[in-house]
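Asker: Using the working numbering, you'd call the opening residue of the sequence shown number 128 and step up by one each time. Backbone N, C-alpha and C define an ideal beta-carbon position, used for all residues, glycine too. As the structure is a prediction and not an experimental result, all values here were calculated from the model.
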Amino acid sequence: MKSHYFLVRELLDNQLVDRDKLNLGKIDGIALHVAKGKQPRVTHLESGALVLARRLGPRWERVVAFFTRHFGVRKDPVFRVPWSKVTRTGIDIYIDIDGVKSDAFAWEHWLDDHLIGRLPLAHEHIKED
Numbered sequence: 128m129k130s131h132y133f134l135v136r137e138l139l140d141n142q143l144v145d146r147d148k149l150n151l152g153k154i155d156g157i158a159l160h161v162a163k164g165k166q167p168r169v170t171h172l173e174s175g176a177l178v179l180a181r182r183l184g185p186r187w188e189r190v191v192a193f194f195t196r197h198f199g200v201r202k203d204p205v206f207r208v209p210w211s212k213v214t215r216t217g218i219d220i221y222i223d224i225d226g227v228k229s230d231a232f233a234w235e236h237w238l239d240d241h242l243i244g245r246l247p248l249a250h251e252h253i254k255e256d
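Now the structure itself:
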């Protein structure tokens, strides 16, 4: 991996891809650690509606924060990926995370449990062992 990045150009809004090559969404934010007398260091990549709303302004952030508090299904409205989990960068950002088991798929799991799973024959194609 490269040692230097143009953060906004090379990371922000790029696709996150997990170890199984599943798309997990776009990178909406980059978290930095700034220590006195040292260079800033990337600690996490962030994804989620709340992070995107922060980029649009404080009013949008408040609106989205309200909705994620009352209607969100994730434990944390922001999906954070530690920089140490990034394995490859480029057009897509590859991370060493199982996306299906992560919070990135929280809405999909919720929909499956509460809506799709209740439909007749919804999981008939899944064979039981």
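Quick check on His131: does DSSP put it in helix, strand or coil?
Answerer: Here His131 sits in coil by DSSP.
Asker: Would you kindly work out how many angstroms separate the C-alpha atoms of Ile154 and Ala176, rounded to a whole number?
Answerer: Whole-angstrom Cα-Cα distance: 11 Å.
Asker: Is the stretch 213 to 232 in contact with the stretch 137 to 148, if contact means three or more CB pairs nearer than 8 Å?
Answerer: Yes, the stretch 213 to 232 touches the stretch 137 to 148.
Asker: Who pairs with Pro209 in a beta bridge, going by DSSP?
Answerer: Looking at the DSSP assignment, Pro209 forms a beta bridge with His171.
Asker: Would you mind sorting Ser130 into buried or exposed? The rule is 16 or more other CB atoms within 10 Å of its CB.
Answerer: Answer is exposed; the Cβ neighbour count stays below 16.
Asker: Taking the Cβ atom as the reference point for each residue, do Leu138 and Leu183 lie within a distance shorter than 8 Å?
Answerer: No. Outside cutoff.
Asker: So for Asp230, helix, strand or coil by DSSP?
Answerer: In this structure, Asp230 counts as helix in the three-state DSSP scheme.
Asker: Can you tell me where the beta strand (DSSP E) holding Leu159 begins and where it ends?
Answerer: Looking at the DSSP string, the run of the beta strand (DSSP E) that includes Leu159 is Gly156 to His160.
Asker: Name, in chain order, the residues that DSSP records as bridge partners for Gln142.
Answerer: Gln142 is bridged to Lys153 and Asp219.
Asker: Which whole-angstrom value is the C-beta distance of Lys212 and Asp223, which I expect to be below 8 Å?
Answerer: That pair is a contact at about 5 Å.
Asker: Please report how far the alpha carbon of Gly164 lies from the alpha carbon of Trp210, in whole angstroms.
Answerer: Cα-Cα distance, rounded: 21 Å.
Asker: Can the beta-carbon of Phe206 be found closer than 8 Å to that of Asp230?
Answerer: In this structure, Asp230 lies closer than 8 Å to Phe206 by Cβ.
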